Amino acid sequence: MYELKTKETSGSVMEFIESVDHPKKREDAYKLLDIFTETTGYQGKMWGPSIIGFGSYHYKYESGHEGDAPLVGFSPRKTKHSLYFATGDTHREALLKDFGKHTAGKACIYINKISDINEDILRALIKQSIEFLQKKYPSN
Numbered sequence: 199m200y201e202l203k204t205k206e207t208s209g210s211v212m213e214f215i216e217s218v219d220h221p222k223k224r225e226d227a228y229k230l231l232d233i234f235t236e237t238t239g240y241q242g243k244m245w246g247p248s249i250i251g252f253g254s255y256h257y258k259y260e261s262g263h264e265g266d267a268p269l270v271g272f273s274p275r276k277t278k279h280s281l282y283f284a285t286g287d288t289h290r291e292a293l294l295k296d297f298g299k300h301t302a303g304k305a306c307i308y309i310n311k312i313s314d315i316n317e318d319i320l321r322a323l324i325k326q327s328i329e330f331l332q333k334k335y336p337s338n
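For this note's numbering, count along the sequence shown from 1 and bump the result up by 198.
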């Protein structure tokens, strides 16, 4: 049976952020922590060794694969910050037009630093992602 790699852990969010080598990246991680906490209303929790997630939802795919994941999250990676949002949300692209300097993957948005982006759009992306996931996977 498939074992999920990214699970909620009891790791310390503050210890993880303090372990970030670069001072500016660490400062931005604290700022992201504040923005995600204020916007979601959830306290950040560690998911796996390097993702700070907020809230959670249970998903089940048509294939039968199921699990739990954070509603939104971020990780201060060595080169860029990874911001985690819902996959499949078609409204995300419209918000990203005015987001600022970033690159995008399927579920992740990558930024170099917070000063490169529009914080109001970040808050809108967080809210939109949570709304999308709560509609797609309503809690039982």
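Each residue gets a CB set at the ideal place from its N, CA and C atoms; glycine is no exception.
Please read all numbers here as calculations on a predicted model, not as lab measurements.
The beta strand (DSSP E) runs of length 3 or more contained entirely in the region 276–332 are, from start to end of the chain, 279–282, 306–309.
Fewer than three beta-carbon pairs drawn from the region 292–301 and the region 235–243 are found closer than 8 Å, and the two stretches are therefore not classed as touching.
Considering only I249, T235, H220, Y228, the residue with the shortest C-alpha distance to S208 is I249.
Boundaries of the alpha helix (DSSP H) harbouring E216: 211–216, taken from the DSSP string. Contact between the region 304–312 and the region 271–279 is established, with three or more Cβ pairs separated by less than 8 Å.
Note that the C-beta distance between T235 and G253 is not below 8 Å. Using a Cβ distance threshold of 8 Å, P274 and I215 count as a contacting pair. E260 carries a coil assignment under DSSP once its states are collapsed to helix, strand and coil. One Cα belongs to Y228, the other to M212, and the distance between them is close to 9 Å. The secondary-structure analysis by DSSP pairs Y240 with nothing; it has no beta-bridge partner. With contacts defined by Cβ atoms closer than 8 Å, A305 and F272 do not form a contacting pair. Within 10 angstroms of the beta-carbon of S327 lie 16 or more other beta-carbons, which makes it buried. Assignment of beta-bridge partners to P268 by DSSP yields no partner. In this structure, E264 sits away from Y255, with a CB-CB distance that is not shorter than 8 Å.
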